[in-house]
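Protein chains in written order, with our numbering: chain A, 493 to 1277; chain B, 91 to 252.
Note sheet for the following structure.
In structure tokens:
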């Protein structure tokens, strides 16, 4: 930490908890959202969705709908498939998802017919007039059934998309519902299991859930006066949307402009392409502006969090874990979406942040006839930590070891190899565990409890690795008056990226945050960025804007050095001036520098930079890689719960969320991300679940699907930022968006076992499950059964 | 059926021809372009479309526009004097009680109604009153602090009618 203190002592903006730069437009409700943008003659969309999970489309009769006054077009997938030069399918890993169903439907909710009409109500009325005949086909809903050779096939063949470098190894597969299989092999697990004192074998599951961004997906597309495709969309990946639309429609990239204003929450739901291909095809056909805003019910039928089943087997010898074998099954639904990336990136972490000499991992991404699953805050890692850090706790208890000490002993230290063989750096997992234990007063235990309300404490730890390789580009433009514009494709979706990036640029150029304007994503002007997701923006875009600003600063320093006849290395940028270190009265304002350099104030000074961390090759058979990730973000959560043994209800009394974010650019915003991600995941832990019956979603509305409200806030809560600086992060920063989400569920389950001695292995942890487990433990009947 | 109605919105009379089936949410957004009123769940369960009706918070998605005549309708655009931030808004900014902020207008108006009714609410009363407003960024800790700060600000300042 000594280096950090020395480096940070020089900083004036980075490390300060400055206020959000987007607060005013947001608190007044004036923030621009896609839903507020209207174009003359704009059409509205409604979509007819499949009532069946798997069926052949025999006939579509749309004549009556087309005849309805106010309807401009009624479109089917078969018609899209016949459009010359158009790929009827899209997707980030496999091009498996039809814009509208072609020949068959693959889940109940699959879009079949789209109507564009003068208003939403007319479009919905038209849908009532469309007749579709289906022939139902056998379907498979359970991920463990879907991997069997006898299971009905969701797709006959798998066509890789080739859109991202990290998915280049995804292969065309056939005649199986397994679309991706990741393998990790290190040491000799069979020998370790044979030599073990004890072997623990458990299966854990977590259900499908929905992101529930308060703003549902919305996309507006129109052709401009040059017939260029203009797209306004609530997307976390504007650069990808442009690439995908170019590939799908064969339109040159410079004839597509994708813009993203503020978006009302994403959490992974708004990644890759969602509504954009459909709205584009409707705009191309009608030659009118077209906007499609999902209803809340449609949101539930568009994207989900992966249901995951993990079988985990662990060997213990002499009180230490010697081997771990994990089989992870990702239910990616009817279309792979980004499932293969999740199966890979999360798969390789599924043995935990621990020193385990023998590890075997199989991670399978599996098609089923359910709503597609994709990224969800944590990118699959919360699901694997749910398994491994529940089981780690069970082992500690079985061995009579203290759960904190049992984790601290094998937790990896700086420079030790992860299960992938990659040496870890900036890996504050031990510190996170210690801080969590300290904050919840771990060693302090209350008196023996005898009543019907029992208290217990639980802790869990885990780690996520950032997506690598990935790319962020940025351009910094300095104006003659000492203000700057920053061109970045990072999407401000609530995480505070505009503020963070503004702080980094302000620090580098010696400006105030108020002097830096972050331009919102616009593919006409803002450079490529892989995605706004995965806790990658502070590091990747932070580095890009910092490097671009450093180039601008170098040009300023060069001009000042020439004018003042000093060494450029002796100059620093501060308070809107460039001055001599130690003699700060000797220097020039930015205006003076512009006059000296250009002879005019009427110009700008711009520079571009790209941050592009690379990964080393990963062996496809063993998952070993010298470098599988650019950085790690360790997490620990501690909770105290009170379980009512009569009702099964769990009250979370205390919640401590700890994360290693690297150097905190904005400490309060890091604390906020850690705490809020944890509170969101309390809901996912205790009650969120999309319930399906034979492939039919039965709770797809906010009347039936509950998310955490203010009443679900624990009585006492706190987050702790652990700052282990990263050598290559901007000012040592890493990321913070997902960390708080990672370890909540096992911490709660571990606390429940501590309180009442029962172990829940299937999320969410409902009162019913606790009552059943208590009844099983006591040999009594569940009330009401 | 179409009919002409007059709505009293943010201290102005707005006369419009609407369909009987039009919700207040549709009229406020699509016709009056009051973009702070946000559509989210469509079933009155999330509070994103909260407006004040005679000072009480209601979900505009559940209310027919024809049933809203003769009432004082307040949206976030009508809060305060239209220039400076209202003390509740100031409190949300200084407690950082907004992230994606799609829910913020609904929260600010609900807090306004709460503090008008109960200038000194307890933590439990705040939790109860705000339980119909969802924030998926889960910034509830910040919102709780913001309500307390707004309460302090308002108890110091002269009473503001709007």
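Ideal placement from N, C-alpha and C gives every residue a C-beta, glycine not left out.
Contacts of residue i in chain A (Cβ-Cβ under 8 Å)
{"i": "residue 226/B", "result": "703, 704, 705, 706, 757, 759, 1172, 1199"}
{"i": "residue 211/B", "result": "None at all; the shortest Cβ gap to chain A is about 13 Å."}
{"i": "residue 75/B", "result": "Nothing can be reported for residue 75/B, as the shown portion of chain B is limited to 91 through 252."}
{"i": "residue 229/B", "result": "1164, 1168"}
{"i": "residue 138/B", "result": "706"}
Identity of the residue in the options nearest residue i by Cα
{"i": "residue 1229/A", "options": "1010/A, 986/A, 689/A", "result": "986/A"}
{"i": "residue 1024/A", "options": "1051/A, 990/A, 996/A", "result": "990/A"}
{"i": "residue 1049/A", "options": "1037/A, 544/A, 1018/A, 1000/A", "result": "1000/A"}
{"i": "residue 628/A", "options": "547/A, 574/A, 1218/A", "result": "547/A"}
{"i": "residue 616/A", "options": "566/A, 649/A, 643/A", "result": "566/A"}
{"i": "residue 483/A", "options": "1041/A, 522/A, 1152/A", "result": "For residue 483/A there is no data in the structure shown, the boundaries of chain A being 493 and 1277."}
{"i": "residue 223/B", "options": "92/B, 137/B, 120/B", "result": "137/B"}
{"i": "residue 1198/A", "options": "1209/A, 833/A, 914/A, 1183/A", "result": "1183/A"}
{"i": "residue 799/A", "options": "743/A, 696/A, 806/A", "result": "696/A"}
{"i": "residue 1072/A", "options": "928/A, 1122/A, 1059/A", "result": "1059/A"}
{"i": "residue 575/A", "options": "1030/A, 522/A, 754/A, 773/A", "result": "773/A"}
{"i": "residue 872/A", "options": "642/A, 857/A, 506/A, 885/A", "result": "857/A"}
{"i": "residue 751/A", "options": "1225/A, 1171/A, 1011/A, 1137/A", "result": "1011/A"}
{"i": "residue 134/B", "options": "1244/A, 1210/A, 1196/A", "result": "1196/A"}
{"i": "residue 748/A", "options": "755/A, 717/A, 759/A, 754/A", "result": "717/A"}
{"i": "residue 1303/A", "options": "825/A, 928/A, 650/A", "result": "The displayed coordinates of chain A run from 493 to 1277. Any statement about residue 1303/A would go beyond what the structure contains."}
{"i": "residue 682/A", "options": "771/A, 620/A, 805/A", "result": "805/A"}
{"i": "residue 564/A", "options": "554/A, 853/A, 573/A", "result": "554/A"}
{"i": "residue 1189/A", "options": "1027/A, 700/A, 880/A", "result": "700/A"}
Beta-carbon contacts of residue i that lie in its chain and below 7 Å, excluding the five residues immediately before and after
{"i": "residue 132/B", "result": "151"}
{"i": "residue 847/A", "result": "902, 904, 908"}
{"i": "residue 785/A", "result": "527, 708, 710"}
{"i": "residue 239/B", "result": "181, 184, 185"}
{"i": "residue 1018/A", "result": "979, 980, 981, 1011"}
Whole-number beta carbon distance between residue j and residue i, since they are thought to touch under 8 Å
{"i": "residue 192/B", "j": "residue 757/A", "result": "6 Å"}
{"i": "residue 668/A", "j": "residue 875/A", "result": "About 22 Å; that fails the 8 Å criterion."}
{"i": "residue 1003/A", "j": "residue 1083/A", "result": "Not confirmed; about 13 Å, so no contact."}
{"i": "residue 1233/A", "j": "residue 1173/A", "result": "5 Å"}
Close-in-space but distant-in-sequence residues of the same chain around residue i (CB under 8 Å, 5 per side omitted)
{"i": "residue 775/A", "result": "713, 714, 715, 721, 781, 782"}
{"i": "residue 808/A", "result": "688, 689, 690, 691, 692, 814, 887, 891"}
{"i": "residue 496/A", "result": "Because the pLDDT of residue 496/A is 45, which lies under 50, any placement of that residue in the model is unreliable, and the question is left without a value."}
{"i": "residue 736/A", "result": "582, 584, 655, 764, 765, 768, 769"}
{"i": "residue 265/B", "result": "Absent from the model: residue 265/B. The displayed extent of chain B is 91 to 252, so no value can be given."}
Beta-carbon neighbours of residue i, restricted to chain A and to distances below 7 Å
{"i": "residue 177/B", "result": "Those do not exist, as residue 177/B stays about 12 Å from chain A at its closest Cβ, beyond 7 Å."}
{"i": "residue 132/B", "result": "787, 788"}
{"i": "residue 135/B", "result": "1194, 1195"}
Residues of its chain near residue i, where Cβ-Cβ distance is below 6 Å and the 5 sequence neighbours each way are ignored
{"i": "residue 679/A", "result": "849, 850"}
{"i": "residue 1140/A", "result": "1259, 1262, 1263"}
{"i": "residue 235/B", "result": "185"}
{"i": "residue 190/B", "result": "227"}
{"i": "residue 1014/A", "result": "751"}
Per-residue contacts from residue i into chain A (C-beta, under 9 Å)
{"i": "residue 233/B", "result": "1202"}
{"i": "residue 242/B", "result": "Neighbours of residue 242/B on chain A: none; closest Cβ ~18 Å, over 9 Å."}
{"i": "residue 167/B", "result": "520, 521, 522"}
Interface partners of residue i on chain B, CB under 8 Å
{"i": "residue 1214/A", "result": "Residues of chain B passing the Cβ test: none, with the nearest at roughly 19 Å."}
Residues that residue i contacts on chain B, provided the C-beta gap is smaller than 7 Å
{"i": "residue 528/A", "result": "125"}
{"i": "residue 745/A", "result": "Within chain B, no residue comes near residue 745/A; the closest Cβ sits about 29 Å away, beyond 7 Å."}
{"i": "residue 467/A", "result": "Summary: the structure shown does not reach residue 467/A, with chain A confined to residues 493 through 1277, and so no result is reported for it."}
Amino acids of chain E, ordered along the chain, whose beta-carbon sits closer than 7 Å to that of residue i
{"i": "residue 221/B", "result": "In the displayed structure, chain E is absent; the protein chains listed are A and B."}
Does the contact criterion of 3 or more C-beta pairs under 8 Å hold for the stretch 162-182 of chain B versus the stretch 111-124 of chain B?
yes
When the Cβ atoms of the stretch 175-195 of chain B are set against those of the stretch 107-123 of chain B, are three or more pairs found closer than 8 Å?
no
Below 8 Å, how does it come out for the stretch 746-764 of chain A and the stretch 863-878 of chain A: are there three or more Cβ pairs, yes or no?
yes
Cβ contact (3+ pairs, closer than 8 Å) linking the stretch 958-966 of chain A and the stretch 1154-1165 of chain A:
no
Evaluate the contact criterion for the stretch 1027-1040 of chain A versus the stretch 967-979 of chain A: three or more CB pairs, one atom per stretch, below 8 Å.
yes
Using 8 Å as the threshold, is the stretch 579-587 of chain A in touch with the stretch 657-673 of chain A, meaning 3 or more CB pairs across them?
yes
For the stretch 510-517 of chain A against the stretch 737-747 of chain A, do three or more pairs of beta-carbon atoms, one drawn from each stretch, fall closer than 8 Å, so that the two count as touching?
no
Three or more C-beta pairs below 8 Å linking the stretch 912-922 of chain A and the stretch 821-839 of chain A:
no
Mind the definition here: the stretch 815-824 of chain A touches the stretch 640-649 of chain A only if three or more C-beta pairs lie below 8 Å; say whether that holds.
no
The stretch 541-559 of chain A / the stretch 1142-1154 of chain A touching (three or more Cβ pairs under 8 Å):
no
Any contact of the stretch 1094-1107 of chain A with the stretch 1159-1169 of chain A, i.e. 3+ C-beta pairs under 8 Å?
no
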